[in-house]
Every structure is written in C-alpha cells, then in structure tokens.
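Asks:
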C-alpha cells in the first residue's frame, strides 16, 4: 500500500500591500503578495479578547492581469500548497523561505474605492481549477500551474 500525503493551504485574509508582478527569463509572470490572517480568542484567565495576526507570502504564477486587482486591503481567498525553498544571501548564508504557491485566488472584498463606495467583489476573478478545461496528457509535466485567466474573465 502506497502512503499518501496532503499539502493543501486555504487562506482568507487581507492583502498587506499591492501585489508585484515580475517576469522570469523565460517570460512567465510571477506575482507576489502578502496576506494577513487574524485569529481572535478570549483569554481564559483575564477574560480579555486577544488577537493575533499571521503574515503569509503568496506566489501566483502566470496571472499578470490579476495583479492589477490585488491591492492593499482587499479581502482575498487563496487556495494552494506550501513550498519551502533555500537560497544564499549576499553574505553567503543559507536562508529558507516558506511560501504559499497559489492555485486559486478569489477577490472577495476590501477597502473602499476612491469614490467612497465599497470596492468589494462577489464574483471570483480567478477560475476555479475544477472549471478549467482539461489539458491533454503529455510525457513532460507543465512547470507551473495554468491559471486560465483572460481579460474576458474579469467581471468589470
């Protein structure tokens, strides 16, 4: 019997800053942003409410048109997997970075727009994986997940 494992992350939070998109030497877009999630609980000893914020580094491949909507304060649903990579800093020290590699990103709501109206979204901007067209099987796996987003998918 083969052993199984699961690497699944689901986050619902607010963007800490506007997303940044860069391009690899091969021309693939990679968008990075930070997501804040909060946890609130009542301290059993003092009876006071406490709150804790966790920050998550998110990496989104091949979705450069979505980056224009990933603005500071927006509420976002992210589904993906954890990935840890290592690199050497400028002093030659080995560093590690853990990120969430996003498969699905949905804009849910967030900060008010310039006119003062609520700038929330109830429609997903990213197409869920289950709704994407299936690709023909090949011998070589695709290096990055296909986000399947075009300008026609953006609801405004």
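In the working numbering, the protein residues as written are 143 to 298. Idealized CB from N, CA, C, for every residue including glycine. Remember, predicted model here, so these are calculated numbers, not experimental data.
1) Enumerate in chain order the residues of its own chain whose CB-to-CB distance from residue 149 is below 7 Å, with the five nearest sequence positions on each side excluded.
2) In its own chain, which residues sit with a C-beta less than 8 Å from the C-beta of residue 168, not counting the 5 before and 5 after it?
3) So, is residue 145 buried or exposed, given that buried needs 16 or more other C-beta atoms within 10 angstroms?
4) Any chance you could list the beta strand (DSSP E) runs of at least 3 consecutive residues sitting entirely within the stretch 153-178, in chain order?
5) Check residue 209 in the structure and name its three-state DSSP category.
6) For residue 220, report the span of its beta strand (DSSP E) as first-last.
7) Which of the three DSSP states, helix, strand or coil, is assigned to residue 196?
8) Grouping DSSP H, G and I as helix and E and B as strand, with all else coil, what is residue 146?
9) Measuring straight from C-alpha to C-alpha, what distance separates residue 247 and residue 155?
10) Just verifying my parser: in three-state terms, what is the DSSP assignment at residue 151?
11) Put residue 235 into one of helix, strand or coil per three-state DSSP.
12) Using the beta-carbon count (16 or more within 10 Å), is residue 240 buried or exposed?
13) Evaluate the contact criterion for the stretch 166-186 versus the stretch 194-204: three or more CB pairs, one atom per stretch, below 8 Å.
Replies: In terms of the structure at hand:
1) Taking the chain shown and counting its residues from 1, the one referred to as residue 149 is at position 7. Cβ neighbours of residue 149 beyond the five flanking positions: 223, 224.
2) Translated into the one-based positions of the chain shown, residue 168 becomes position 26. Result list for residue 168: empty, nothing under 8 Å.
3) Walking along the chain shown from the start, residue 145 turns up at place 3. Flag for residue 145 reads exposed.
4) For the stretch 153-178, whole beta strand (DSSP E) runs of length 3 or above, ordered along the chain, are 162-165.
5) Here residue 209 refers to the residue found at position 67 of the chain shown. Here residue 209 sits in helix by DSSP.
6) Position 78 of the chain shown, counted from the start, is the residue given in the question as residue 220. Residue 220 -> beta strand (DSSP E) spans 217-230.
7) As a first step, residue 196 must be located in the chain shown, where it is residue number 54. In the three-state DSSP reduction, residue 196 falls in the strand class (E or B).
8) The count along the chain shown starts at 1 and reaches residue 146 at position 4. Residue 146 sits in coil when the DSSP states are folded into three classes, being neither helix nor strand.
9) Within the chain shown, residue 247 is the residue found at index 105, counting from 1. Within the chain shown, residue 155 is the residue found at index 13, counting from 1. The straight-line gap from Cα to Cα measures roughly 11 Å.
10) What you label residue 151 is simply residue 9 of the chain shown in a count that begins at 1. It is a strand residue.
11) As a working note, residue 235 is residue 93 in the chain shown. Residue 235: coil per DSSP, three-state reduction.
12) Translated into positions along the chain shown, residue 240 becomes position 98. Label assigned to residue 240: exposed.
13) Output reads yes: the stretch 194-204 touches the stretch 166-186.
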